[in-house]
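See below for the structure under consideration.
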Amino acid sequence: MARVRLESLKKHYGSVRAIDGVSINIESGQLVVLLGPSGCGKTTTLRCIAGLEQPTMGKIYFDDREVTHLSPSERNVGMVFQFYALYPHMNVYENITFPLRACRVPRKAIETKVKEVVQIFQLGGLLRYKASILPPGDQQRVALARAVIRDPNVLLLDEPLSALDEKFREEMRSELGKLQKRIGITTIYVTHDQREAMALGDVIVVMKDGVIVQMGSPEELYEHPQSVFVGNFLGTPGMNFVECLYDNGLLFLEGTEHRLSLKRSDLFAKLSSYQGKEVILGIRPEYVSLFEKSFENGLSIAILAIEPAGRYRLVDFLIGERVFRVRTDWSLPLIVGHKVYLYFSEDHICLFDRSSGEAIVT
Amino acid sequence: MNNNTYYESIIERKSRLSVITRIIILGLFLSFTVFPLFWLFLSSLKDRLDIFAFPPRFLFNPTVENYRGLFVKTFLEGGAGQTDFALCLANSFITAGLGTFFAVVLGVMAGYACSRFHFFGKNDYLFFTLSTRMLPPVAVIIPIYIMFSRLGLQDTRVGMILLYTMANLGLAIWIMKGFYDSIPTQYEEAGLVDGYTRWQIFWKIIIPSVRGGIAATMGFCFIFAWNEFTFASIVTTRYAKTLPPRIAAALGAAGLDWGQVAAAGFILIIPVLVLFIFIRNYLLMGMTFGVLGRR
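Written as structure tokens, this is what we have:
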């Protein structure tokens, strides 16, 4: 396994900029998730690392060795494709030993290696089956076994769970995470599912339109989004946003009579240049509390809808023209149409520049 | 397990409902397809009297005289000795077989190139290869005849093999391209990542995945070349003559010996029939150009 370093990687297809200057530093043994909506360049980045695409500009290093212009076979990477790409005419044994046979590993060494991965991925009874008849979960384990059997520098996973159904996906997700930690292999994981990213990533790299919007630990990204985009993209449901007018420690919520007075002194300093200007207030659904009685700084708003979600309920309000979602437990009796008081936890308030969407305070 | 019994019960119900309709439709279908073959076979075993008997006879004394007559000259044809039937049969096998072989070998590679790579004029090239199949043979027979006689290919097996290779190549490329198109490029990418070269991947992953397609292509090409009449009747006269023009010629030469014609016809059908039985599943895939799946 190796450290992986991308230096201002660019891939242009004519005038389309699939990746436009991506730099990432991945420590050995880390699991890094490339997260973003479709077309954000995450898969292209992965394919550049695999050698399946030639970057237009920029460099790729494994440890200190530059691999930018090496062919895929010279890079020693393991890759699991979205639909696994197991060779349909081969059985499981032939599939997982295929990478070893490419570099003419002696038969004895192959057998040892096979025993090892069979044990790790629990493929014991499957070796003689045709890969194409296995259920998706087993196919995925076979694909993983094939990818790691050569002790690759880096393991590349391209949406490996998207072919599984919902329930099974969560199971495989945690299994995948445990396996990665156990083998300790540097892993780059591409997904558009923020829950997968949050659950698996040591580091999450959020991408949009070919550039990195934010990079950091799951907690960092969740609690301190650097832009409206990240705040909205992470979390189920995502962050709530309200347009406000800032005036001397007061936030006037646009389209309503409501106002919030800010107490945190560190906010004032950062907001000083926004005096009399518009900002966006962002807050996660779980950081808003609901009360029956009036409270200082509480907003009295009528309930629009209630959606039970297991241990919690999601309660919708209308602030201005935006739906505002609050996650709350079952302790308070709530009725649609009745007014309750919303109290924002000020420690968890984020403020964003209205025109750029960049964070002012998180 | 539950699922299986569920599906079985559906199948059972369906078959009980429609079994009679099916028998009727199948019966009609068979009377159009299998019965003529059956009649051909019967006629080839009849003597002259039985052939012209009315009402037609299903019970008679079978004779192999018609088959013998194909290979051995009768008294009327000038006494003992062999006819050219065996030669024509061999010619048919050689020209159709090798023509198919070369067309498939080239088609397998060209089809892959057309499916996976971009090159200048690809679409025009693909259209051009297919258009060779759209032309009626009559339209190109004269230029071909002139070319062949100038090149000394007239009435040679080499000429016929070239002709059948050319005639089948377009079809082979298109069918094979269809099969390659249905294979996701991920397999090749997986092979690249696993440490193989493109050429190795082609042989180890792609070719095994399109075995069915190759079989189907071979079937189509062989049947075309084996049955081909127009070119063979113009270009070949004696040494490279194939069966179809040979049988047609027999119709005129010694009156209408329907027994012999039936025997020759039956011999002509046998290889196609055998081939069909072996590759019938693949042929269906070939006709749908791989859309039914590859396994």
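Sequences listed follow chains U and B, in order. The working numbering puts the first residue of the first sequence at 259, with every later residue one more than the last. The working numbering puts the first residue of the second sequence at 4, with every later residue one more than the last. Think of the CB as a built atom: it goes at the ideal place given N, C-alpha and C, for glycine as much as any other residue. Remember, predicted model here, so these are calculated numbers, not experimental data.
- Item | Boundaries of the beta strand (DSSP E) in which U/ARG408 is found, first to last residue | For U/ARG408, there is no enclosing beta strand (DSSP E), since its DSSP letter is neither H nor E.
- At least one CB of chain U closer than 7 Å to the CB of B/GLY181: is that the case? It does not: the Cβ of B/GLY181 has no partner Cβ on chain U nearer than 7 Å.
- Message: Applying the 10 Å Cβ sphere with the 16-neighbour rule, what's the burial state of U/GLY568?
- Response: Exposed: under 16 other Cβ atoms inside 10 Å.
- Name the DSSP beta bridge partners of B/TYR115, please? Answer is none; B/TYR115 lacks a bridge partner.
- Message: With a threshold of 7 Å between beta-carbons, can U/SER331 be considered close to chain B, or not?
- Response: Yes, contact with chain B.
- Message: Please tell me whether B/MET163 and B/THR103 are closer than 7 Å, where the distance is taken between their beta carbons.
- Response: Judged by beta-carbon spacing, B/THR103 lies beyond the 7 Å limit of B/MET163, meaning their Cβ atoms are not closer than that value.
- Query: Under the rule that 16 or more other beta-carbon atoms within 10 Å means buried, what is U/ARG333, buried or exposed?
  - Reply: The residue is buried, with at least 16 neighbouring Cβ atoms inside 10 Å.
- Message: So, at 8 Å on beta carbons, what are the nonlocal neighbours of U/LEU548 in its own chain, with the 5 sequence-adjacent residues on each side left out?
- Response: The residues are VAL573, VAL584, THR586, LEU590, LEU592, VAL598, TYR599, LEU600, TYR601.
- Beta carbon of B/TYR285, beta carbon of B/ALA219: below 7 Å? Yes, the Cβ-Cβ distance between B/TYR285 and B/ALA219 is below 7 Å.
- Task: Compare the beta carbon distance of U/PRO394 and U/LEU422 with 7 Å and say whether it is the shorter of the two.
- Result: Closer than 7 Å, so yes.
- Message: Given a cut-off of 7 Å on the beta-carbon distance, is the pair U/GLN438 and U/ALA617 in contact?
- Response: U/GLN438 places its beta carbon 7 Å or farther from that of U/ALA617.
- Message: Within the continuous alpha helix (DSSP H) that includes B/ASN171, where are the two ends?
- Response: That run of the alpha helix (DSSP H) goes 160–184.
- Inter-residue CB distance, B/PHE232 and B/PRO247 (contact presumed, cutoff 8 Å): Sure, about 4 Å apart at Cβ, within 8 Å.
- Item | the segment 120–134 of chain B contacting the segment 183–200 of chain B, beta-carbon criterion three pairs below 8 Å | Inter-segment contact for the segment 120–134 of chain B and the segment 183–200 of chain B is absent: fewer than three beta-carbon pairs are separated by less than 8 Å.
- Message: Given this structure, state the Cα-to-Cα distance separating B/ARG136 from U/GLU429, to the nearest angstrom.
- Response: So the two alpha carbons sit approximately 55 Å from each other.
- Spatial distance of U/GLU536 from U/GLU512 (CA atoms): Cα to Cα, U/GLU536 sits roughly 9 Å from U/GLU512.
- Query: Can you find at least 3 beta carbon pairs, one from the segment 482–498 of chain U and one from the segment 519–532 of chain U, that sit closer than 8 Å?
  - Reply: Verdict: no, contact absent.
- Task: Could you work out which residues of chain U lie near B/ILE209, taking near to mean beta carbons separated by less than 9 Å?
- Result: Within chain U, not a single residue places a beta-carbon under 9 Å from that of B/ILE209; the smallest gap is close to 10 Å.
- Task: Flag this pair as touching only if the segment 194–214 of chain B and the segment 261–270 of chain B have three or more C-beta atom pairs under 8 Å; answer yes or no.
- Result: Result no; under three Cβ-Cβ pairs closer than 8 Å.
- Item | Every unbroken alpha helix (DSSP H) inside the segment 480–526 of chain U [4 residues or more] | Listed in chain order, the complete alpha helix (DSSP H) runs (minimum 4 residues) inside the segment 480–526 of chain U are 486–491.
- Item | Short CB-CB distance (under 7 Å) between U/LYS269 and chain B | By the rule that beta-carbons nearer than 7 Å mark a contact, U/LYS269 does not touch chain B.
- Assign B/VAL161 to one of two classes, buried (16 or more other C-beta atoms within 10 Å of its C-beta) or exposed (fewer than that). Around the CB of B/VAL161, fewer than 16 other CB atoms lie within 10 Å, so the residue is classed as exposed.
- Message: I need the DSSP call for U/HIS606, collapsed to helix, strand or coil.
- Response: DSSP, reduced to helix, strand and coil, places U/HIS606 within a helical segment of the structure shown.
- Item | Beta carbon proximity, B/LEU195 to chain U, threshold 7 Å | By this cut-off, B/LEU195 is an interface position.
- Query: Taking the alpha-carbon positions, what's the B/LEU40 to U/ILE407 distance?
  - Reply: Between the alpha carbons of B/LEU40 and U/ILE407 lies a distance of about 58 Å.
- If you draw a straight line from the alpha carbon of B/ALA243 to that of B/PHE225, how long is it in whole angstroms? Taking the straight line joining both Cα atoms gives about 17 Å.
- Give me the Cβ distance between B/LEU195 and U/LEU310, rounded to the nearest whole Å; I'm assuming they're in contact under 8 Å. Confirmed, Cβ separation roughly 7 Å.
- Exposed unless 16 or more other CB atoms sit within 10 angstroms - verdict on U/ARG404: Per the 10 Å Cβ criterion, buried.
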